[in-house]
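Below is one structure, written out as structure tokens, with a few remarks after it.
Residue numbers (our numbering): 1 to 305.
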């Protein structure tokens, strides 16, 4: 188990809780837009469908809720803690100044606030939640939290509640695993092309194998099932996975991808016993189709004579 996996495990030892970050709020000031920079690790996307109504509102009413910023540690600028969409709208509207509250907090505290202030959005993509949890984990780690389960180093262990108050410990860990996916596969998770469960298993594969799987999905129009993804992970860990095996496995039909022919049940009920089970009805239909098919072949043979 690597250092990061060790640290993820410590997040969910509930032996000790730490207090949530409480920024000290000061007065609201107007700040030149040119003095403000976004947090470039911000995991949340600014969707165009959200930006248009926001821009219209700001155009009519101005920015009602001020941005929260912090002084950058190395440059003479202020990094956004909360308000990335308002900042983007302001730049699009070519505003000279925006209202801000300057927080006297560390970079790690800022990252935690950024994550927490956006986790309860109505629409949040799997990739956004994955990198948000990872960002918060890294921030807490830099604050001096223990990074292993067995050493005697001084420092409190983290609890699941410090990462999320909505997802379970195991679910948080699974989301963080998604950050190991290549962008092509992660985009497929966001679009719903790959289900969450199989995506977590695929995150354990090498980048080369992930790239090949992405190509197969795009060209073959098929995705691995959870069972297939788990088998791929096992083969990878054993050192027995290659592109031929991946292709062969992914081409296998999945139960939910097999085409089914449905007929109304009442159309066959008069030909079977009243207490016939579903399996007995299926067997009856299979035999009926076989019998009818043979009859058609005999008729065809007589016509050819």
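For every residue, glycine included, the Cβ atom is placed at its ideal position computed from N, Cα and C.
None of the values given here were measured: they were computed from a predicted structure.
Check                                                                                                     : Outcome
Counted within 10 angstroms of its Cβ, other Cβ atoms place residue 155 as buried (16 or more) or exposed : Reliability of the predicted coordinates at residue 155 is poor, the pLDDT of 43 falling under 50, and no value is obtained from them.
Three-state class that DSSP yields for residue 28 in the structure shown                                  : strand
For residue 208 and residue 185, the rounded distance between their alpha carbons                         : 12 Å
Proximity of residue 67 and residue 86 at Cβ, strictly below 9 Å                                          : yes
Residue span of the beta strand (DSSP E) that contains residue 213, given as start and end                : It is not in any beta strand (DSSP E) - residue 213 instead sits in the alpha helix (DSSP H) that spans 207-220.
Euclidean distance between Cα positions of residue 53 and residue 223                                     : 36 Å
Residue 202 - DSSP class collapsed to helix/strand/coil                                                   : helix
Residue 271 burial status per 10 Å Cβ neighbour count (16 or more: buried)                                : exposed
Range covered by the beta strand (DSSP E) that runs through residue 71                                    : 67-71
Reference residue 169, options 194, 182, 137, closest by Cα                                               : 137
Residue 97 versus residue 180 - alpha carbon distance                                                     : 39 Å
First and last residue of the uninterrupted alpha helix (DSSP H) at residue 115                           : 107-116
DSSP state of residue 100 mapped onto helix, strand, coil                                                 : strand
Three-way DSSP call (helix, strand, coil) for residue 258 in this model                                   : In this prediction, residue 258 scores a pLDDT of 47, lower than 50, which makes its location untrustworthy; the coordinate-derived value is nonetheless stated afterwards. It is coil, neither helix nor strand.
Residue environment, residue 131, which counts as buried when at least 16 other CB atoms sit within 10 Å  : buried
Three-way DSSP call (helix, strand, coil) for residue 170 in this model                                   : helix
Collapsed DSSP secondary structure at residue 57 in the structure displayed                               : helix
Endpoints, alpha helix (DSSP H) assigned at residue 131                                                   : 126-142
6 Å Cβ shell around residue 228 - same chain, five flanking residues per side excluded                    : 249
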